[in-house]
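Participant: Below is a structure I'd like to ask you about.
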Amino acid sequence: MYNKSLLMKSGTKITPLFLSSFLSLFLEMFLIRWNPASALGSNLLGATIGGFCEYLTMLWGFQILWLFAIGFYLIAGIFQNRK
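Taking our numbering as reference, the numbering of the sequence shown is continuous, increasing by one, and the terminal residue is 371.
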């Protein structure tokens with residue numbers, strides 16, 4: 289139906305544009321924070337925990353990934369309600 293090579297070429301052209309929107313959103317949110325050091329630390333901690341969970345899914349399989357997701361959403365909800 290569609291030409292796969294055309295889809296791949298257009299996908300590689302559009303991807304940087306798509307990802308740059310996330311970067312600009314992060315920068316906007318970073319600039320309005322009252323404590324930028326805390327925001328950057330939280331971002332780095334999240335990247336570290338995400339990488340650790342990625343390795344755990346390689347060890348235990350992707351079936352456990354939904355448990356990680358539920359756990360992180362519960363933790364985020366608890367901390368959100370504390371504010």
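Glycine included, C-beta positions come from ideal geometry on N, C-alpha and C.
Can you find the residues in the same chain that come closer than 7 Å, C-beta to C-beta, to Phe306, ignoring five residues on each side of it along the sequence?
Facilitator: none
Participant: Considering only their Cβ atoms, is the gap separating Ala327 from Phe318 smaller than 7 Å?
Facilitator: yes
Participant: DSSP state of Trp404, grouped into three classes?
Facilitator: Look at the range of the chain in this structure, 289 to 371, and you will see that residue 404 is not part of it.
Participant: With distances taken from CA atoms, which of Gly334, Asn291, Gly349 and Phe314 is nearest Phe360?
Facilitator: Gly334
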